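These notes concern the structure reproduced below.
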Amino acid sequence: MSLVSQDTLVYIGFVEQCRDLIENTYYGEAIHLADQILSRPSPTPQFFKAYFLLIKGVAYSTYNPGGLAAARGFFQESLYLFETCQMVPGQPNNLAEWVKKELEKLEPKIQACKFWSLVRIGV
């Protein structure tokens with residue numbers, strides 16, 4: 825008897841597909857697949873919802889510079905969900921910590937894009 829439900833195995837399969845797409849630089853396809861999972865009529869378990877938002881954040885942050893602000897939003901939403909779902913009782917949530925570090929790395933890039941946007945329009 826398996827300790828993991830069939831639904832969980834399906835979600836893990838989708839996560840692996842998204843990760844493979846990102847590793848092969850198919851960012852748009854990874855975003856599309858994550859969107860399909862997140863917009864299903866039946867609710868996505870909180871951990872997987874957070875993970876698919878994380879995938880969208882990673883894809884948008886590497887897809888193009890215009891996606892940095894969107895990436896920040898997806899990272900922030902996934903961070904909130906990761907912080908509110910208990911992975912292993914009494915253990916730190918490594919995914920939440922990783923997302924925090926990614927947000928810290930992303931912010932200077934967003935500020936640089938804002939600066940260069942202002943320079944281009946002559947402000």
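Using this note's numbering, the first residue of the sequence shown is number 825, and each one after it goes up by one.
Note that the Cβ used here is the ideal one computed from N, Cα and C, for glycine as well.
Here the structure is a predicted model, which is why all the values come from computation and not from measurement.
- Put simply, of Leu919, Pro916, Val882, Ala920 the residue whose alpha carbon is nearest the alpha carbon of Leu930 is Val882.
- A distance below 7 angstroms between beta-carbons, with the five flanking residues on each side excluded, links Lys873 to the following residues of its chain, in chain order: Leu862, Leu905.
- Burial is judged here by how many other beta carbons sit within 10 angstroms of a residue's own beta carbon; Val923 has at least 16 and is buried.
- Here the alpha carbons of Ser829 and Ile836 stand approximately 11 angstroms from one another.
- Ser866 sits in coil when the DSSP states are folded into three classes, being neither helix nor strand.
- Under a 10 Å Cβ-count criterion, Lys880 is classified as buried, with 16 or more other Cβ atoms of the shown protein chains found around its own Cβ.
- Going by C-alpha positions, Cys909 is about 20 angstroms away from Arg896.
- Between Tyr850 and Gln915, the alpha-carbon positions lie close to 34 angstroms from each other.
- About 6 angstroms separates the beta carbon of Lys933 from that of Leu892, a gap short enough to meet the 8 angstroms contact definition.
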